[in-house]
Amino acid sequence: MHPLEEHYLDMTRRRFFGTAAKTLTAGMGTLALASLLGTGPGDGGSPLATAPGGGLMLPRGPQFAPKAKRVIYMHMEGAPSQIDLFDHKPGLRQRFDQDLPDSIRQGQRLTGMTSDQKRFPVAPSIFKFTKYRNNMDGAWISELMPHTGSVAHELCFIHSMHTEAINHEPGITFFQTGNQQPGRPSFGSWVSYGLGSANANLPTFVVLITQGFGNMQALSSRFWGSGFLPSEHQGCRLRNSGDPVLFLKDPQGVTRQDRRRMLDLVGELNQIEAEKSLDPEVRTRIAQYEMAHRMQMSVPELTDFSDEDAETLEMYGPEVTRPGSFAASCLLARRLSERGVRFVQLYMRGWDQHNNLPGEIRVQSKAVDQPQAALIKDLRRRGLLDETLLLWAGEFGRTVYSQGTLTHENYGRDHHPRCFTVWLAGGGIKPGISYGKTDEYSYNIVQNPVEAHDLHATMLRLLGMEHTKLSYRHQGRDFRLTDVFGKVIPDLMV
Amino acid sequence: MESLIQFFGRLHPMVLHAPIGLLIGLVALEAMAVAGRRPLDPRIRSILAWLAAISAVFSAGAGLVLSLEDSYDASAVQLHQWLGIGVAAGCAAAAVMQQAGWTGAYRTVLVLAAAAIVPAGHFGAGMTHGAGFLTAPFARHTPVAAPVSPLSGEVVAASHYAAVIAPIFERRCVGCHGPSRQKGGLSLHTPDAITKGGKDGGVLVAGDPGASEMVRRLTLPVGDEDHMPPESKAQPTPQEVRAIEDWIKAGASFDAAGEPAVEKGAARAASGPASADPVAIRAMRDALVHVEPVQQGSNLFFVDFSAVASRLSEAEIVRFLEPVREQVAELSLARSKAGDELMRLAAKMPNLTRLNVSGTDISDAGVAALAGHQRLSELVLTLDHLTDAAAASLAGMPALKRVYTWNSGMSEESLAGLRAHEVMVDTGEAQVAKPLDAETEVTLTRTAPAPVAALAADALKPVNTVCPVSGQPVDPRYLVVYKGHVIGFCCPKCPSDFWADPDKFEAKLH
Chain A
345 MHPLEEHYLD MTRRRFFGTA AKTLTAGMGT LALASLLGTG PGDGGSPLAT
395 APGGGLMLPR GPQFAPKAKR VIYMHMEGAP SQIDLFDHKP GLRQRFDQDL
445 PDSIRQGQRL TGMTSDQKRF PVAPSIFKFT KYRNNMDGAW ISELMPHTGS
495 VAHELCFIHS MHTEAINHEP GITFFQTGNQ QPGRPSFGSW VSYGLGSANA
545 NLPTFVVLIT QGFGNMQALS SRFWGSGFLP SEHQGCRLRN SGDPVLFLKD
595 PQGVTRQDRR RMLDLVGELN QIEAEKSLDP EVRTRIAQYE MAHRMQMSVP
645 ELTDFSDEDA ETLEMYGPEV TRPGSFAASC LLARRLSERG VRFVQLYMRG
695 WDQHNNLPGE IRVQSKAVDQ PQAALIKDLR RRGLLDETLL LWAGEFGRTV
745 YSQGTLTHEN YGRDHHPRCF TVWLAGGGIK PGISYGKTDE YSYNIVQNPV
795 EAHDLHATML RLLGMEHTKL SYRHQGRDFR LTDVFGKVIP DLMV
Chain B
2 MESLIQFFGR LHPMVLHAPI GLLIGLVALE AMAVAGRRPL DPRIRSILAW
52 LAAISAVFSA GAGLVLSLED SYDASAVQLH QWLGIGVAAG CAAAAVMQQA
102 GWTGAYRTVL VLAAAAIVPA GHFGAGMTHG AGFLTAPFAR HTPVAAPVSP
152 LSGEVVAASH YAAVIAPIFE RRCVGCHGPS RQKGGLSLHT PDAITKGGKD
202 GGVLVAGDPG ASEMVRRLTL PVGDEDHMPP ESKAQPTPQE VRAIEDWIKA
252 GASFDAAGEP AVEKGAARAA SGPASADPVA IRAMRDALVH VEPVQQGSNL
302 FFVDFSAVAS RLSEAEIVRF LEPVREQVAE LSLARSKAGD ELMRLAAKMP
352 NLTRLNVSGT DISDAGVAAL AGHQRLSELV LTLDHLTDAA AASLAGMPAL
402 KRVYTWNSGM SEESLAGLRA HEVMVDTGEA QVAKPLDAET EVTLTRTAPA
452 PVAALAADAL KPVNTVCPVS GQPVDPRYLV VYKGHVIGFC CPKCPSDFWA
502 DPDKFEAKLH
């Protein structure tokens with residue numbers, strides 16, 4: 345076929361309706377041609393027009409008055425042991441080295457990691473717990489996290505989380521995207537899609553990763569990926585060392601004006617392509633270039649801690665000046681929230697303590713305890729905590745029985761999806777409560793089970809969106825973060 | 002009877018196709034006959050001519066009856082009517098003439114009748130589809146106003162009838178409710194006509210979409226017989242319907258761009274302020290100020306200057322906020338160059354409930370400017386340079402519920418009075434959750450008894466293998482517990498025999 349012919353045929357009917365429908369998202373239906381081919385970026389009416397801050401202008405914003413305007417999600421990758429941190433089971437102290445009764449285990453399948461063990465001896469926590477005053481009858485928190493204990497009156501513990509995933513990849517995928525199989529957008533992407541950005545100079549969804557200590561599992565970038573949503577909603581990872589964003593600085597000899605002229609020209613070329621192909625990814629590309637240009641100014645200002653006073657820095661602990669530490673990430677999270685970034689996700693790696701748990705968890709906890717408490721205090725005194733929703737969670741829990749040798753000083757724990765503990769704070773969450781109960785072995789849930797879908801539904805409600813209404817049409821059906829599950833839990837909300 | 006007559010009249014749009022097809026077919030056949038120098042078979046000619054005549058007369062009759070329905074504009078009907086009657090008369094005459102053998106006259110009249118179909122049909126279509134129907138694709142329209150989504154916050158101001166509402170009516174309604182036709186006696190193409198309404202009365206109540214007949218019909222399910230536009234016609238988009246609702250709510254004004262309906266106090270809906278000036282909103286967004294409706298469909302906004310805090314001067318911020326001061330519900334000026342002038346502007350924002358001026362250049366005078374504000378309930382004054390005098394002003398805010406004063410220069414003592422008024426004051430002294438109880442040591446022992454096991458699988462095994470009553474083998478479904486032992490039976494009837502005299506059977510078990 346003649347190349348020109350082929351080129352004109354490129355705009356096939358399928359592509360026209362397919363990409364155009366994708367651009368306009370579920371609910372827009374068919375549009376008249378006139379309004380599709382907008383008169384340009386300044387035309388506010390055309391759905392394909394880019395908003396001044398970049399990005400596609402889709403109906404965005406909270407569906408009803410929100411309690412929270414943004415989220416900080418601290419994901420403890422590897423699955424922190426709830427028995428040693430938050431799920432206080434003093435009765436286990438008299439059951440040291442006893443076999444886990446069948447009535448408790450109820451025939452649960454063993455993982456590949458412990459299936460060759462002959463025995464499953466109960467390993468009580470060797471850490472001392474303290475009961476901190478909260479708005480119920482106190483929160484028991486172990487000696488590993490005294491700072492977190494000091495803000496127990498702000499925290500809402502959910503002891504009865506459960507999941508079906510047994511390993512990290514599917515477990516984290518499930519917690520982030522609502523499904524164990526990959527391919528779906530992450531929580532932050534859904535929030536970006538539903539609410540949009542509040543600060544056009546910074547990405548809507550920012551990811552910060554802290555390397556932990558000991559056994560660390562891999563983190564895939566699709567945990568903060570946008571799945572089938574337009575890729576402008578993916579998380580932007582800020583690096584720990586060197587430039588927070590690679591290649592953000594102009595090379596030597598290139599001035600900001602040169603850069604602007606280059607972007608204008610590239611933008612014009614992309615605009616032609618966008619109008620021809622109606623591919624939303626081209627619009628995304630235009631938006632990303634503009635965003636990068638603005639980030640050249642905003643990111644250095646963001647990561648420069650010199651405008652923080654000494655008392656604040658001290659509150660986060662000595663590690664705050666080390667780039668990449670959890671303390672630095674927490675401070676950065678507060679700064680990002682201050683600047684209107686909708687979704688900040690912190691990953692703390694290294695909680696996967698199959699062996700040598702007491703030693704490893706001490707180091708892990710020390711790294712996170714003071715900073716996370718400081719984050720809460722910092723947000724509180726700046727008047728931001730009530731509109732910022734915090735979540736601290738792992739992907740599952742850990743077993744009450746010891747993996748590997750059990751001694752009076754040492755034990756390990758395997759993965760345990762049947763119950764684990766997470767906590768929330770701020771943003772419309774009832775402060776100072778504990779929700780849900782596990783049995784005395786911290787093995788099964790006896791009251792108020794909560795799964796990730798319910799957590800997502802509740803958090804979306806606090807952000808002002810009904811989880812059943814925040815959807816995107818893909819492959820012929822309306823997908824949502826909560827898939828076909830999820831119920832809002834009113835007891836968690838103010 | 003009347004409905005039967007009406008039904009007959011309504012057959013016209015359907016039946017008229019018959020004489021058209023027949024007439025044109027007959028003309029074509031006659032043309033071929035002339036070209037081939039052979040006359041058309043007289044039987045065919047006769048059948049077709051008479052069929053055409055009958056159907057044309059029938060159609061014209063139905064058309065006359067239909068024109069009696071009062072929804073048609075008399076002048077528009079005239080031309081079509083007379084041409085249609087002409088076609089029918091021509092058909093009838095042609096039929097008679099060909100019957101009489103006057104072939105020449107017959108052919109002439111036939112062609113004339115066929116030619117008359119064209120203008121007759123054109124005017125007829127103009128009555129159903131609107132006068133400019135044929136030429137519309139070539140006409141240079143002003144670009145159709147894009148659907149306005151209140152979700153983006155660009156709510157239509159009351160005065161945009163001409164820019165937004167009129168085009169919607171033009172597109173969706175005027176075909177049947179306009180210059181060429183007024184179904185139900187209603188026209189929607191001029192402000193006077195809209196206000197006048199139709200034969201059932203007015204179609205809108207200014208300021209109250211809920212009571213407006215137009216909105217009622219627009220929002221009915223599409224299949225409902227009262228729904229407008231009729232199911233077979235193009236339907237307005239949800240955005241267009243919302244635009245109409247918003248326009249009615251804001252007072253259904255036809256004025257050229259002018260003051261927002263805020264001035265027309267009576268017409269304003271009771272809930273919430275009027276819509277903000279979209280130009281002002283656009284200006285803010287173009288400057289990267291974040292403007293977000295508090296919720297979908299609301300006219301109140303959350304405005305955040307974070308993105309541009311360091312760049313905009315106070316005067317520029319004032320210029321942005323002044324036109325929308327009625328609609329600002331939450332405002333964040335943190336780390337900006339805001340000063341007392343902005344505080345004075347904030348004092349004039351009637352719907353402001355939350356204000357964040359952390360890290361700005363405001364002074365005590367600025368805080369004093371807010372005294373008496375009726376709605377402000379949350380105030381963030383952290384990292385400001387204030388003195389205790391500001392604390393005194395805070396006491397004068399009747400609606401204040403929370404204030405954040407960390408590092409604001411106000412002393413603890415000066416704020417103590419506020420707490421007495423049930424204002425939550427957060428001075429930044431970290432509230433600490435006190436320990437209530439603490440484990441002092443951990444001793445690991447093995448002394449606890451094993452938990453009660455769930456009933457073992459063989460707990461319900463019977464002690465016998467044959468039924469004590471019948472001697473048949475035991476069916477494990479039929480068990481009783483007697484003196485602590487589980488006894489099995491062969492069938493459901495035996496247990497009752499057993500209970501009649503348990504001792505007798507018990508002996509059999511051992």
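As given, the protein sequences belong to chains A and B, one line each in that order.
Everything in the first sequence is counted per the numbering used here, starting at 345 for the first residue and increasing by one.
Everything in the second sequence is counted per the numbering used here, starting at 2 for the first residue and increasing by one.
Built from N, CA and C at the ideal position, the CB exists for glycine as well.
Since this is a predicted model, take the numbers as computed values, not measurements.
Give the residues of chain A in contact with W407 (chain B), contact being defined as C-beta atoms less than 8 Å apart.
The contact set of W407 (chain B) on chain A, defined by CB atoms closer than 8 Å, consists of R725, R726 in chain order.
Check the DSSP bridge columns for I705 (chain A) and list the partner residues they point to.
The beta-bridge partner set that DSSP reports for I705 (chain A) is empty.
Between which residues of its own chain and E663 (chain A) is the CB-CB distance below 8 Å, once the five residues before and five after are set aside?
S669, F670, A671, A672, A711, P715
Comparing the CB of S504 (chain A) with every heavy atom of the ligand NAD, is any distance shorter than 7 Å?
In the structure on display, the ligand NAD does not appear, and there are no ligands present to speak of.
Does DSSP put L80 (chain B) in a helix, a strand or coil?
helix
On the CB-based measure, 16 or more other CB atoms within 10 Å of its CB, does Q297 (chain B) come out buried or exposed?
By the beta-carbon neighbour count (other beta carbons within 10 angstroms, threshold 16), Q297 (chain B) is buried.
Chain B partners of D441 (chain A), CB-CB under 7 Å?
R447
Helix, strand or coil at V112 (chain B) according to DSSP, with G and I counted as helix:
helix
Going by C-alpha to C-alpha distance, which of A:F464, A:K433, A:L552, A:F549 sits closest to D446 (chain A)?
A:F464
Taking CB distances under 8 Å as the criterion, tell me whether N352 (chain B) reaches chain A.
no
May I have the straight-line CA-CA distance separating V263 (chain B) from R320 (chain B), to the nearest angstrom?
Since pLDDT at V263 (chain B) reaches only 36, below the 50 mark, its modelled position is unreliable, and the value read off the structure follows with that caveat. Rounded to the nearest whole angstrom, the CA to CA distance from V263 (chain B) to R320 (chain B) is 20 Å.
From the DSSP output, read off the bridge partner residues of T554 (chain A).
A:M692
For chain A, is any of its Cβ atoms less than 8 Å away from the one on L437 (chain B)?
yes
If we ignore side chains and look at the alpha-carbon of each, how far apart do T554 (chain A) and H419 (chain A) end up?
10 Å
DSSP bridge partner residues for Y479 (chain B) (one or two, in chain order)
Note: Y479 (chain B) sits in no beta bridge, so no partner.
Amino acids of chain A, ordered along the chain, whose beta-carbon sits closer than 9 Å to that of A383 (chain B)
Residue identity check: residue 383 (chain B) is Thr in the sequence provided, not Ala. Chain A residues near T383 (chain B): R725, R726, G727.
What does K462 (chain A) touch in chain B if you count any residue whose Cβ is under 8 Å from its own?
In chain order: nothing, as chain B lies at least about 18 Å away.
Does the contact criterion of 3 or more C-beta pairs under 8 Å hold for the region 537-550 of chain A versus the region 569-583 of chain A?
Under the 8 Å Cβ criterion, the region 537-550 of chain A counts as touching the region 569-583 of chain A, having at least three qualifying pairs.
In three-state DSSP terms, what is N614 (chain A)?
helix
For a test of the three-state rule: what should DSSP assign to V304 (chain B), helix, strand or coil?
strand
To the nearest angstrom, how far is it from the Cα of V145 (chain B) to the Cα of I166 (chain B)?
With a pLDDT of only 42 at V145 (chain B), under the threshold of 50, the placement of this residue in the model should not be trusted; the figure read from the coordinates follows. Cα to Cα, V145 (chain B) sits roughly 11 Å from I166 (chain B).
Take every Cβ of the region 329-340 of chain B, pair it with every Cβ of the region 298-310 of chain B, and state whether three or more of those distances are shorter than 8 Å.
yes
Taking a cut of 7 Å between CB atoms, which residues from the region 279-298 of chain B lie near chain A?
R283, R286, D287, L289, H291, E293, P294, V295, Q296, Q297
Taking 8 Å as the limit between beta carbons, can you name the residues of its chain near E682 (chain A), skipping five residues before and five after?
R726, L728
Against A434 (chain B), what residues of chain A qualify as contacts under a CB-to-CB distance less than 7 Å, listed in chain order?
Y476, R477, N478, G493, S494, V495, A496, H497
Chain A contact for V329 (chain B) (CB, 8 Å cutoff)
no
Can you give the Cα-Cα distance for A400 (chain B) and W568 (chain A), rounded to whole angstroms?
42 Å
In whole angstroms, give me the CA-to-CA distance for Y476 (chain A) and P490 (chain A).
10 Å
Is it buried or exposed for W767 (chain A), if we count other Cβ within 10 angstroms and need 16 for buried?
buried
Buried or exposed: where does G259 (chain B) fall if 16 or more other Cβ atoms within 10 Å of its Cβ makes it buried?
Unreliable positioning characterises G259 (chain B) in this predicted model, as indicated by a pLDDT of 41, which lies under 50. The coordinate reading is nonetheless provided below. By the neighbour-count rule (16 or more Cβ atoms within 10 Å), G259 (chain B) is not buried but exposed.
For the beta strand (DSSP E) containing I630 (chain A), list its first residue and its last residue.
From DSSP, I630 (chain A) is part of no beta strand (DSSP E) but of the alpha helix (DSSP H) over 624-647.
Shortest alpha-carbon distance to N584 (chain A) belongs to which of A:L814, A:K411, A:L690, A:D713?
A:L690
Just mark P43 (chain B) as buried or exposed, buried being the case when its beta carbon has 16 or more other beta carbons within 10 Å.
exposed
The region 419-433 of chain B: positions lying closer than 9 Å to chain A by Cβ:
D427, T428, G429, E430, A431, Q432, V433
Look at the alpha carbon of L219 (chain B) and the alpha carbon of M285 (chain B), and state the distance between them as a whole number of angstroms.
34 Å
Do R336 (chain B) and Q442 (chain A) have their C-beta atoms within less than 8 Å of each other?
By the CB criterion at 8 Å, R336 (chain B) and Q442 (chain A) fall outside the cutoff.
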